[in-house]
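Read the sequence shown against the working numbering and you will find it ends at 388, with the numbers running on by one and no gaps. Heads up, the thing below is written out as structure tokens.
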Amino acid sequence: MKEEISVLLTEEQLDSRIRELGEQISKDYEGSSVHLVCILKGGTFFMCELAKRIKIPVSIDFMSVSSYGDSSVSSGVVKIIKDLDKPIEGKNVLIVEDIIDTGRTLSYLLKVLSHRNPESLKLVTLLDKPERRIVDDVKVDYTGFEIPDEFVVGYGLDYAERYRNLPYIGVVKL
215 MKEEISVLLT EEQLDSRIRE LGEQISKDYE GSSVHLVCIL KGGTFFMCEL
265 AKRIKIPVSI DFMSVSSYGD SSVSSGVVKI IKDLDKPIEG KNVLIVEDII
315 DTGRTLSYLL KVLSHRNPES LKLVTLLDKP ERRIVDDVKV DYTGFEIPDE
365 FVVGYGLDYA ERYRNLPYIG VVKL
């Protein structure tokens with residue numbers, strides 16, 4: 215099966231918006247530091263670019279949480295595949311996510327991490343699909359772009375582990 219991919223957000227649009235997010239986060243946490251928790255694998259591209267643009271001290275860690283497998287539709291079952299390497303107690307934690315749609319994964323993750331007593335716990339996402347939200351307890355603090363209900367790839371997002379390396383966000387037509 216051959217997929218067609220059309221550009222939704224260009225590399226230049228992504229770069230500009232990530233710069234703005236970095237400036238806002240730096241301002242909001244001025245005089246402090248922030249601990250970025252990158253959600254693997256999709257969040258890596260976004261986190262690396264975002265971290266370069268934050269002007270306060272930054273530390274990072276990684277989690278792998280999945281509800282998709284190789285499908286383009288969430289299964290609804292959330293699994294922690296890789297947990298944090300270090301405790302987050304007393305830290306200003308900023309979860310870095312590539313995309314939020316139903317919110318199930320983030321709802322689960324926010325509950326898990328809040329029990330670990332961070333100083334603060336906020337969420338930044340590159341892409342948000344609010345019309346797909348099925349949980350009400352996910353508050354997105356920083357959003358790159360709100361996008362329509364399309365299946366997207368690129369800039370870390372994949373379809374069956376392909377297309378992560380695209381330097382733009384594209385819509386997949388199967």
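Glycine is no exception: its CB is placed at the ideal position from the N, C-alpha and C atoms.
Cβ-based neighbour list, residue i, same chain, cut-off 8 Å, excluding 5 preceding and 5 following
i: Leu222; result: Ile361, Glu364, Val366, Tyr382, Ile383, Gly384 and Val385
Residue i - containing alpha helix (DSSP H), residue span
i: Lys213; result: For residue 213 there is no data in the structure shown, the boundaries of the chain being 215 and 388.
Backbone secondary structure at residue i - three-state DSSP
i: Ser285; result: With a pLDDT of 49 at Ser285, under the threshold of 50, the modelled position of that residue is not reliable, and the figure given next carries that caveat. The answer is coil: DSSP assigns Ser285 none of H, G, I, E or B.
i: Ile232; result: helix
i: Phe276; result: strand
i: Arg376; result: strand
i: Asp242; result: helix
i: Lys216; result: coil
i: Leu337; result: strand
i: Lys269; result: coil
i: Phe365; result: coil
i: Ile264; result: Reading off the sequence shown, one finds Leu at residue 264, where the question assumed Ile. Residue state, collapsed to three classes: helix.
i: Gly256; result: coil
Selection from the options that minimises the alpha carbon distance to residue i
i: Lys343; options: Gly317, Ser334 and Val326; result: Gly317
i: Leu337; options: Asp299, Met261 and Ala374; result: Met261
i: Gly304; options: Lys387, Glu311, Ser334 and Asp297; result: Ser334
i: Val292; options: Pro301, Ser278 and Leu298; result: Ser278
i: Glu263; options: Glu237, Ser328, Glu217 and Gly245; result: Glu237
i: Asp191; options: Gly256, Ile295, Tyr356 and Leu298; result: Residue 191 lies beyond the range of the chain shown here (215 to 388); nothing can be said about it.
i: Ile268; options: Lys241, Ile294 and Phe259; result: Lys241
i: Ile270; options: Tyr377, Phe359 and Asn306; result: Asn306
Run of the beta strand (DSSP E) containing residue i, from where it starts to where it stops
i: Val326; result: First-last for Val326: Arg318 to Ser328, but that is the alpha helix (DSSP H), not the beta strand (DSSP E).
i: Asn180; result: Because the chain in this structure spans residues 215 to 388, residue 180 falls outside the shown range and cannot be described.
i: Leu371; result: That residue, Leu371, is in no beta strand (DSSP E); it is neither H nor E in DSSP.
Residues near residue i by beta carbon distance below 6 Å, same chain, minus five either side
i: Arg347; result: Gly317
i: Leu308; result: Val248, Leu250, Lys336 and Val338
i: Asn331; result: Glu303
Sequence-distant residues of the same chain with beta carbon closer than 7 Å to residue i, five excluded per side
i: Val354; result: Ile314, Leu337, Thr339 and Asp342
i: Leu380; result: Val367, Gly368 and Tyr369
Count the CB pairs spanning the region 222–240 and the region 315–326 that are closer than 8 Å, and state whether there are at least three. no
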